[in-house]
Amino acid sequence: MMLVLVSCDQKPTLQKYFVKNTESKDFITLDVGTGFLKNDKMKLTADESKALESMQKLNVLIFKRNDKNAAEFDKQKTEVKNLLKSDNYDELMKMNFGEGGISVNTKGEGEHLEECVLFLNQKDTGFGVVRVLGDDMTPQNVMTIVGLLQKSNFSSGQLQPLMDIMKPKTKK
Amino acid sequence: MKKFIITLLLAVLPSLIFAQTTAFDKFEKDGVDAVIVNRKMFELMGSVKMDPKEKDAQQYLDLIKKLNNLKVFSTKNGKIISDMKSTVSGYLKSNPLEELMRINEGGKTIKIYVKSGAKVSQVKEMLMFIEGGGPKDSTVLMSLTGNFDLNELSFLTDRLDLPGGSALKKASKK
């Protein structure tokens, strides 16, 4: 009986993976608070406020691939894929295309999502993991937030490294 | 003894239910473009409230809730195409799907197979196989499971712009 209680802590989780690689030189990490959308210029409707409240944290982890870290890239990419499988995520959807792919994964009962993880990867440029933590993020709330982001023209400066990953590598 | 049999049944049952959709999982690999949408996604999409002014939206949502799993695999790789052909043949031999329709359109051959539910118009599983005509054409394998009506399906493929949409429209008018 005691064994069951102890084993929970030893399991590798995506959370631990994020923490572990924050200091690593191969990774770029970004922590975005939801404060970025709450500014005076925009008046939020009740629905929009509620949606923002449901989102608590946004972490981004990016691995930029170059000629020197190719092997490490493969290793880390596989590790993330395995974590998504083993750490009780529901895979909502997945798209694979020629050079890479995207997968959307969540944790949470029914439509009350606690966590949403977007995993983007491209063969030659790298991969990115976007992890959104929240409290009762319903699909409705997620859609409202996406609408808000578009409305506020959220400066993609912060997310530029992530955008770069998904651009096909131009041959020099 | 009874307990043993029940345990055995419970262990085997899930594999019986899920056996069908794993046959094509091997096509999640290099050289194949794939789109896979799982049940939870359909459940979440179905729970979104859409603008009541959008007439189509409600119909779209009602259908979404009836879908279980969608897999679309597309490839131009000759070797994988052969593998797809033989996998589909093998799958049809061991699963009770009927050929609903076969269309030759623009050099491509589109075959649609369905597994009916309680009523003839209710579809539990649909398999579409599109063989491209020339070396530049893709071969597409699509598997959709759930519990829907064939008429509703052509509505969906139109909206999602999936390959074979026009074929399905014809099929549902049958």
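Protein chains in written order, with the working numbering: chain F, 504 to 675; chain X, 1369 to 1542. C-beta: ideal position from N, C-alpha, C; glycine also. Just so it is clear, the structure is predicted and the values come from calculations on it, not from any experiment.
Counting only the Cα atoms, MET1510/X lies some 12 Å from ASP1393/X. ASP593/F belongs to the set of residues whose beta carbon lies under 9 Å from a beta carbon in chain X.
The straight-line gap separating the alpha-carbon atoms of SER1415/X and MET646/F is approximately 12 Å. Taking a Cβ-Cβ cut-off of 9 Å, the neighbours of SER1415/X in chain F comprise GLY613, GLU614, THR641, PRO642, GLN643, given in sequence order.
For SER1511/X, the enclosing beta strand (DSSP E) has its first and last residue at 1507-1517. A distance of 9 Å or more separates the beta carbons of LEU1429/X and PHE1523/X. Within the segment 1389-1403 of chain X, the residues whose Cβ lies closer than 9 Å to any Cβ of chain F are, in chain order, GLU1396, LYS1397, ASP1398, GLY1399, VAL1400, ASP1401, ALA1402, VAL1403. The three-state reading of DSSP puts LYS571/F in coil, since its state is none of H, G, I, E or B. Assignment of ASN1463/X by DSSP, reduced to helix, strand and coil, places it in the coil class. Residues of chain X with a Cβ closer than 7 Å to the Cβ of MET558/F do not exist, since the nearest Cβ in that chain sits about 16 Å away. Sequence-distant partners of THR516/F (beyond 5 residues in either direction) whose C-beta falls short of 6 Å from its own C-beta, in its chain, are ASP590. Rounded to the nearest angstrom, the Cβ distance from THR1507/X to ILE1449/X is 5 Å, consistent with a contact under 8 Å.
Contact check for PHE521/F against ASN562/F passes: the beta carbons are separated by less than 9 Å. Interface residue (Cβ-Cβ distance to chain F less than 9 Å): GLU1411/X is classified as such.
Residue range 616-625 is occupied by the beta strand (DSSP E) that includes GLU617/F.
For GLU1520/X, same chain residues with a beta-carbon under 6 Å away, outside a window of 5 residues either side, are LEU1431 in chain order. Residue pairing by DSSP places TYR1481/X opposite GLU1467/X, LEU1495/X in a beta bridge.
Around the beta-carbon of ARG634/F, 16 or more other beta-carbon atoms lie within 10 Å, marking it buried. Residues of chain F whose Cβ lies closer than 7 Å to the Cβ of VAL1405/X are, in chain order, MET596. Residue contact with chain F for LYS1408/X: present (Cβ-Cβ distance below 9 Å to some residue of chain F).
THR532/F is positioned such that its CB atom lies no closer than 9 Å to that of LEU555/F. LYS597/F and ILE1404/X do touch by the CB rule: their CB atoms are close to 5 Å apart, below 8 Å. With respect to chain X, the C-beta atom of VAL607/F has a partner C-beta closer than 9 Å. Taking each of LEU636/F, ASN524/F, PRO642/F in turn and checking the Cα distance to GLN559/F, the smallest one comes out for LEU636/F.
For MET596/F, the enclosing beta strand (DSSP E) has its first and last residue at 593-600.
The beta-carbon of ASN599/F is placed less than 9 Å from the nearest beta-carbon of chain X. Taking MET640/F as the centre and dropping the five residues before and after it, the same chain places the C-beta of SER557, MET558, LEU616, CYS619 closer than 7 Å to its C-beta, in chain order. Minimum Cα-Cα distance from GLY1399/X among the listed residues LEU1435/X, LYS1444/X, ASP1424/X corresponds to LYS1444/X. CA-to-CA, the gap between PRO1503/X and GLY650/F works out to about 42 Å. Secondary structure note for LEU1412/X: it is in no beta strand (DSSP E), and the uninterrupted alpha helix (DSSP H) holding it is 1407-1414. Taking C-alpha positions only, LYS1453/X is separated from LYS1433/X by approximately 31 Å. Of THR1455/X, LEU1495/X, GLY1446/X, LYS1487/X, the smallest CA-CA separation from ARG1470/X is found for LEU1495/X. When the five nearest sequence neighbours on each side are left out, the beta carbons in the same chain lying within less than 7 Å of the beta carbon of LEU1465/X are those of TYR1481, VAL1482, LYS1483, GLU1493, LEU1495, in order along the chain.
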